[in-house]
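Q: Numbers given in the numbering used here equal positions in the sequence shown, counted from 1, plus 2.
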Amino acid sequence: MCVIGEEEFLKLQSKYKVIYPFNEALLDGDGYVLTVKEDVTMNYLEHHNLLSNEVVFVPPSYVAHLTAKSIFGRMGLSFLNAAKVHSGFIGRLVLEAVNLNNARKPITIRRSDPFMHFELNSRVGRPSPYLGRYTFQYMSEDEVKMYVDLVSREMPDLYDVKKLRQLAEDRVTASAQVTL
Numbered sequence: 003m004c005v006i007g008e009e010e011f012l013k014l015q016s017k018y019k020v021i022y023p024f025n026e027a028l029l030d031g032d033g034y035v036l037t038v039k040e041d042v043t044m045n046y047l048e049h050h051n052l053l054s055n056e057v058v059f060v061p062p063s064y065v066a067h068l069t070a071k072s073i074f075g076r077m078g079l080s081f082l083n084a085a086k087v088h089s090g091f092i093g094r095l096v097l098e099a100v101n102l103n104n105a106r107k108p109i110t111i112r113r114s115d116p117f118m119h120f121e122l123n124s125r126v127g128r129p130s131p132y133l134g135r136y137t138f139q140y141m142s143e144d145e146v147k148m149y150v151d152l153v154s155r156e157m158p159d160l161y162d163v164k165k166l167r168q169l170a171e172d173r174v175t176a177s178a179q180v181t182l
């Protein structure tokens, strides 16, 4: 695997809408910096599932790697979920975090704050896109349509459009739907 540089990232962005909405100012070296959908203040030991403002699409020949912006780590925010996003995933990311601030102070994350690095890594082997229950999670009807149309047009041999439409219909739209 190898990290995809900015030039290649921009080509993928142009062709596949890897990040939506996309803001060129949030490009950061070899990747993109995601933001959160809503402002949140976390008290000491409080756990939150933070939803990315951006929809991400990891093209099937790639996997994504996430790392937190170090400013939040220095404040005491700890990230609990895996740092990998499956190839072929389409949806908003849920970033699990807990406030472990040594001074027991609240931590506020604002909607516009650069929050999480998102980097694409190439993968070898036959693409096997993610088609699990979190496909299209927290996406609007218009966003789902945009991506179903995109993958149907660009990758007709990799995605079963009928299955995609069913996943879209059954997608997670609220945190209460997330269960084990």
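Cβ atoms here follow ideal geometry from the backbone N, Cα and C, with glycine treated the same way.
Please determine if the region 85-105 and the region 127-146 are in contact, where contact requires at least 3 C-beta pairs separated by less than 8 angstroms.
A: Yes, they touch.
Q: Return helix, strand or coil for Val5, following the three-state DSSP convention.
A: Here Val5 sits in strand by DSSP.
Q: Skipping 5 residues on each side, what residues in its chain have a beta carbon closer than 7 angstroms to that of Asn104?
A: Within the same chain, Asn104 has close Cβ partners Gly78.
Q: State the Cα-Cα distance for the pair Thr43 and Asn101, rounded to the nearest angstrom.
A: Straight-line Cα distance between these residues: approximately 10 angstroms.
Q: Distance, Cα to Cα, His50 vs Val174?
A: Rounded to whole angstroms, His50 to Val174 spans 17 angstroms at the Cα level.
Q: Is it right to say Ala66 is buried, meaning 16 or more other beta carbons lie within 10 angstroms of its own, or is it exposed?
A: Burial call: buried.
Q: What does DSSP give as the partner residues of Asn101 in its beta bridges?
A: In DSSP, Asn101 forms a bridge with Leu79.
Q: Let me know the secondary structure DSSP gives Ala176 once reduced to three states.
A: The answer is coil: DSSP assigns Ala176 none of H, G, I, E or B.
Q: If you follow the alpha helix (DSSP H) that Ala170 is in, where does it begin and where does it stop?
A: It spans 163-171 - the alpha helix (DSSP H) in which Ala170 sits, taken as one unbroken run.
Q: Is there contact here, the region 143-157 with the region 17-29, by at least three beta-carbon pairs under 8 angstroms?
A: They touch, by the three-pair rule.
Q: Do Tyr34 and Phe59 have their C-beta atoms within less than 9 angstroms of each other?
A: Cβ atoms of Tyr34 and Phe59: not closer than 9 angstroms.
Q: If you reduce the DSSP assignment to three classes, tell me which class Lys86 lands in.
A: Lys86: strand per DSSP, three-state reduction.
Q: What three-state label does DSSP hand Met157 in the structure shown?
A: Correct three-state label for Met157: coil.
Q: Check the DSSP bridge columns for Phe24 and list the partner residues they point to.
A: Bridge partners of Phe24: none, in fact.
Q: Residues in its own chain within less than 7 angstroms of Asn45 by CB, not counting five upstream and five downstream?
A: Answer for Asn45: Asn101, Pro108, listed in chain order.
Q: Contact defined as beta carbons within less than 8 angstroms: I believe Asp32 pairs with Ile73. What is the distance between those atoms, to the nearest angstrom?
A: No, Asp32 and Ile73 are not in contact; Cβ-Cβ is about 19 angstroms, not under 8 angstroms.
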